[in-house]
Amino acid sequence: MSRHPMFWMSLGLWLLFGQAHAAWDVNMPAGVTDVSRSVFDLHMAIFWICVVIGALVFGVMIYSMIAHRRSKHPHSANFHENTKVEVAWTVIPLLILVGMAVPATRTLIHIYDSTESDVDIQVTGYQWKWHYKYLGEDVEFFSNLTTPRDQINNLAPKGEHYLLEVDEPMVIPTGAKVRFLITAADVIHSWWVPALAVKKDAIPGFINESWTRVEEPGIYRGQCTELCGKDHGFMPVVVDVRSPEDYAVWLAEKKAEAAKLAELTSKEWTIEELTERGEQVYRTACVACHQASGEGMPPTFPALKGSQMVTQDIEAHIDIVVNGKPGTSMAAFGKQLSEVDLAAVITYERNAWGNDTGEMVTPKDVLDFKQAEEATQ
Amino acid sequence: MSAVIDDHGHAGHDHHHGPAKGLSRWLLTTNHKDIGSMYLWFSFCAFLLGGSMAMVIRAELFQPGLQIVQPEFFNQMTTMHGLIMVFGAVMPAFVGLANWMIPLMIGAPDMALPRMNNFSFWLLPAAFGLLVRTLFMEGGGPNFGWTFYAPLSTTYAPESVTFFIFAIHLMGISSIMGAINVVATVLNLRAPGMTLMKMPLFVWTWLITAFLLIAVMPVLAGVVTMMLMDIHFGTSFFSAAGGGDPVLFQHVFWFFGHPEVYIMILPAFGAVSSIIPAFSRKPLFGYTSMVYATGAIAFLSFIVWAHHMFTVGIPLTGELFFMYATMLIAVPTGVKVFNWVSTMWRGSLTFEAPMLFAVAFVILFSIGGFSGLMLAIAPADFQYHDTYFVVAHFHYVLVPGAIFGIFASAYYWLPKWTGHMYDETLAKLHFWMSFIGMNLAFFPMHFVGLAGMPRRIPDYNMMFANFNMISSVGAFMFGATQLLFLFIVIKCIRGGPAAAAKPWDGAEGLEWSVPSPAPYHTFTTPPDMHTLHEHRTGPKHD
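As you go down the protein sequences, you meet chains A and B in turn.
Under the numbering used here, read the first sequence as residues 1058 to 1434, first letter to last.
Under the numbering used here, read the second sequence as residues 11 to 552, first letter to last.
Quick look at the structure:
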């Protein structure tokens, strides 16, 4: 029954690397764009320069540590300067650096040229999700983490794309120059997709530019890379690159969806329909702070269960959900959610966890509230 | 001054009495050695506290998923770990070494401004009391990273941020006073014949560090004051809604922050420049170029700040300027490394604990320097920025850089401080455990960073799991090992073989001309040129 040692070795290697090959990745991905490949080349060039210099310096040092230890080399030399050598080791590194600066400058100039784009997408960072708006197309949506809380809390096995999966990825066409106009609504975030070598900070009040041109269709994943508060680790970036034809189909679908949503706003809703929809909205937008039980995490995140805010004055309840509460973690959801979803989640909160007010807020109520607010400004 | 006059008019100033007894010795002391010891003990306590926070972080990151702490507490841990290590552990340790060693190295009786010295130390417990207390406040402690970027640290900060701001103010005042004291001491109290270019490099690097501190700590005070105004007085320095600019915060912060990282490494450069020659039994190679290289690094540190901000969207020309300036730092830093290696070359080397830490310092700090050079390449930085690659980089320059430099100094001068030799076997064990633990902890961080793991996240995808587990194991090993260091130091204070005035045969410098342990008062009359000369010329072979 004895097998060749190679069998066990390859079985071992397969178990170690085959199962989760990505888990032992030690290097940057070369990526899927011209820019990402030239960045990768720069990275490897500077890496090898460092390796060579390191090998030389540490080599000399280790040789000296062995050959010049006291037991081998009892009498030390007494030299302590040598102008020629000192000039050489100042000038040579300088020349290497100049050699490195040239390609780096070339790549940087290329990266900074975001003119002549085919598709423009405004990327807005929110605590803790991304919003994508296709400029001139009337299409916009939020991109939320979909990893279930149970996986995060180790109550369910984690999926392959744990923490790197969203409900609606950004969709872009292959071959087109896509320009990102990056900003934020609250704190600073940073939008990063390693395979595209695009990382740019999303800064409230300012718009940063970046761009990409992807040749290969595929799904590319990244994360927010600037600490942005509690759920900084839970706002992934997913970019779905499709052929121009598939992209056109997707864009048409999104436009139809937008039209349907407008219709929903004017529809007659029942309280059951609203609470049902509201529960879904609550799970994506509110649950991280106020918790599924509605008990929150006082004092930072107050309980909604039995709270006066959600059982008394309806106007005040709409106001805090739409406008948030400045100076606290309570975000303004007025622009993040549609009127339908706002109405649904408010209705849900007024009736869930034994709040049972039996009161209903319709999409029209929310619309009226927003319009009244605009009129006063 | 004759003893007779002393006895009659200034009994309290008699230079031959010992320290006062009891608590008042420590509260009221103006003795540089007492204050130095207090700084060192304070720093070690902060090191253990900041280290235990690192253990919480590594325990949470041991596996994917949330196990031990929730994200909001995790963020407080990363923030406090950084603040406590930078301002509580590394900086006070160097001030402690400066207090102890600078007067002994330049033949001065004490620091130039002893009362201010006392005050600058006692501000620190107050500052850290304020800071650590925030963890128990409603809404928790600072959770916005040690770099506290606005508006996360202003509009969106927990209430405790005000206490954090005042703690930073106090630490800043303490550092500025400490720095002024070093400058005054070095420029005024050198023994006759101790010209600037004869000073040990530790004194040189500290003099330059002190100027850096005086230049940038007020900038830090300014930036936290602007935060205070934004939070409580309705200004909008950092709020775009009121016409301000969140990026302005980063410019001001890093104008402080980049020199700050050199503040944390230059004194270690100096100490290692004494230790390597001592255990190579050979004079330091390129003393003059070492001094100029330190000056060049200090100058460059003021014009590279925006390399921390390559992704904030600074214009192309700005990006290029900061990239080139940053790459230039590799030149003087390289000169230093080449000089250390040449000092060892054809020496007669032994590897006691100070030398082990010093050699590891040179190799591992260089690795941190290499990753720093990689980070300087702006287009590549777009991939590295704010990932674990950066975490690996700055831990390689701070742990085997600053902290190994401090360990090397501690072992090198412990015999002088305590009058006893430390336990060499245990010290070597401390070195090897620290060396292995720290490499296990921080080397794999390069890999996960390059593979795409952002920093400051409490949870991660499984593709980062293996290396994170290895990192955590290394971190636990490194952390636990530091208790061994505490044991070695206490054992050395309590007893051990008596140390000679000069316990290292290759050591140079005035500090070795006084007995071990160093008497409470030293150099009450300046050492004469002869003594000075004897301790400046080449090593003796005995």
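Ideal Cβ positions, reconstructed from N, Cα and C, are used throughout, including at glycine.
For G188/B, same chain residues with a beta-carbon under 6 Å away, outside a window of 5 residues either side, are V105, S130 in chain order. Cβ neighbours of A1254/A within its own chain (closer than 6 Å, five residues either side excluded): G1088, V1092, S1093, V1096.
Residue contact with chain B for H1347/A: absent (no Cβ-Cβ distance below 7 Å to any residue of chain B). Residues of the same chain with a CB within less than 6 Å of the CB of A281/B, apart from the 5 flanking positions on each side, are F212, G415, S419 in chain order.
For G1275/A, the uninterrupted beta strand (DSSP E) segment begins and ends at 1275-1280. Listed by position along chain A, the residues whose Cβ is nearer than 8 Å to that of H405/B form an empty set, because the closest Cβ is around 17 Å away.
Assigned with DSSP and collapsed to three states, R1163/A falls in helix. In this model, L140/B and E270/B are separated by some 22 Å (Cα to Cα).
Its chain contains N349, S352, T353 as the residues whose beta carbon lies nearer than 6 Å to that of F295/B, once the 5 sequence neighbours on both sides are disregarded; these appear in chain order. Contact between the segment 150-159 of chain B and the segment 194-209 of chain B is absent: fewer than three C-beta pairs spanning the two stretches fall below 8 Å. A Cβ-Cβ separation of about 28 Å leaves H1130/A out of contact with S523/B under the 8 Å criterion. If you look at T164/B, you'll find it isn't in any beta strand (DSSP E); DSSP assigns it neither H nor E. The beta carbon of R1126/A falls within 7 Å of a beta carbon belonging to chain B, placing the residue at that interface. Contact between F97/B and M181/B holds, since their C-beta atoms are separated by about 5 Å, short of 8 Å. L1238/A has Q1179/A, E1266/A as its beta-bridge partners, per DSSP.
For P410/B, the secondary structure class from DSSP, reduced to helix, strand or coil, is helix. Looking at the DSSP output, A1259/A bridges to H1246/A. G484/B and W442/B have their C-alpha atoms roughly 12 Å apart. Residue contact with chain A for Q393/B: present (Cβ-Cβ distance below 7 Å to some residue of chain A). What T205/B touches in chain A, judged by beta-carbon distance under 9 Å, is nothing: the nearest beta carbon there is about 17 Å away. The Cβ-Cβ distance between T1240/A and T1282/A does not fall below 7 Å. Our two residues, E434/B and M63/B, have alpha carbons roughly 30 Å apart in a direct line.
Judged by their CB atoms, N449/B and L71/B are not nearer to each other than the 7 Å cut-off.
Of the other Cβ atoms in all chains shown, fewer than 16 fall within 10 Å of the Cβ of E1217/A; this residue is therefore exposed. The beta carbon of A1360/A lies closer than 7 Å to those of G1351, E1352, G1353 in the same chain, with the five residues before and after it left out. Annotation for T1203/A: E1222, V1223, D1224 place their beta carbon closer than 7 Å to its own, counting only its chain and skipping 5 residues before and after. Residue state for S246/B is assigned as coil, using DSSP reduced to three classes. Annotation: D1297/A is outside any alpha helix (DSSP H); the continuous beta strand (DSSP E) that includes it extends over 1293-1299. Its Cα nearest to that of T1385/A, the residue S163/B stands out among Q80/B, S163/B, M207/B. For S1200/A, there is no enclosing alpha helix (DSSP H); the residue is found in the beta strand (DSSP E) stretching over 1196-1200. Y334/B: not part of any beta strand (DSSP E); member of the alpha helix (DSSP H) spanning 326-338, first to last residue. Only residues of its own chain outside the window of five on either side were considered, and among them A1242 have a CB closer than 8 Å to the CB of K1392/A, listed in chain order. Take G379/B, set aside five residues on each side of it, and the residues of its chain with a beta-carbon closer than 6 Å to its own are T343, in chain order. The alpha-carbon of M431/B is positioned some 21 Å away from that of N109/B.
Around the beta carbon of N1211/A, a 10 Å sphere encloses fewer than 16 other beta carbons of the protein chains shown; the residue is thus reported as exposed.
Within 7 Å of the CB of P1251/A, the CB atoms of chain B belong to Q393, G462, in sequence order along the chain.
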